[in-house]
Amino acid sequence: CQRTIIFIFLFLSHPLRAADLETLKMGEYRLMPVGSLFSTGGFKPCHGIIIYSPQRKQAVAAHFNEIGTVRLNDMVTLAIRELGPPHSLIAYVAGGASSSEFELRNRSNTINTLLRARIPQDQINIRWFHSFRSQTYFAGGNLFFDSNSGQATLTFTAIHNGETGVWSGPLV
139 CQRTIIFIFL FLSHPLRAAD LETLKMGEYR LMPVGSLFST GGFKPCHGII
189 IYSPQRKQAV AAHFNEIGTV RLNDMVTLAI RELGPPHSLI AYVAGGASSS
239 EFELRNRSNT INTLLRARIP QDQINIRWFH SFRSQTYFAG GNLFFDSNSG
289 QATLTFTAIH NGETGVWSGP LV
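Here the sequence shown is numbered in my numbering, starting from 139 and rising by one per residue.
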């Protein structure tokens with residue numbers, strides 16, 4: 139049901155069908171086809187990362203559970219090699235629903251890697267999720283991307299007092 143709501147939102151104004159949506163698997167990163175519509179895959183503690191070239195209308199995307207320096211560096215290197223110089227790229231990052239020391243290091247590593255690659259700080263869009271210890275429970279998120287328009291849409295689901303709510307909006 140939650141997935142249906144997300145797909146309905148995403149495809150009401152988009153000519154593609156849900157079958158055209160490419161979804162990354164956990165631990166995967168890759169160069170996405172020009173003009174593609176894709177999802178980083180569902181995440182909670184994981185990170186969805188997209189590095190996008192508005193000029194080429196193409197992106198490198200990842201779904202990482204553990205932000206290892208080597209894999210993240212490889213992803214950034216691929217993006218710069220295939221998409222162009224870092225100053226021309228836009229990054230979108232979401233996820234990381236944990237307050238553990240490990241997760242805080244993952245967040246810091248992600249930001250520092252993008253900055254070391256010389257992607258301008260004002261072109262890095264981040265939305266970290268937070269774990270809730272109250273009656274609200276964060277159930278998961280997803281980062282959808284349309285490389286034709288450059289629109290990153292973040293969705294996440296929260297459960298509160300037995301009711302499920304889905305929020306969706308642009309990640310800017």
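Don't be surprised by glycine CBs; every beta carbon is placed ideally from N, CA and C.
| field | contact_flag[the region 242–256, the region 210–227] where n(CB pairs < 8 Å) is 3 or more | value | yes
| message | Taking the straight line between their C-alpha atoms, what separation do you get for residue 193 and residue 176? | response | 18 Å
| If you drop the 5 nearest sequence neighbours on each side, which residues of the same chain put their C-beta closer than 7 Å to that of residue 216? | 169, 198
| field | Whole runs of the alpha helix (DSSP H) within the region 163–242, excluding any shorter than 4 residues | value | For the region 163–242, whole alpha helix (DSSP H) runs of length 4 or above, ordered along the chain, are 207–221.
| task | Could you name the residues that DSSP lists as bridge partners for residue 265? | result | 232
| Name the DSSP bridge partner or partners of residue 251? | Its beta-bridge partners do not exist; DSSP assigns none.
| task | Give a yes or no on whether the C-beta atoms belonging to residue 186 and residue 230 are separated by under 9 Å. | result | yes
| In angstroms, rounded to a whole number, what distance separates the CA positions of residue 247 and residue 260? | 17 Å
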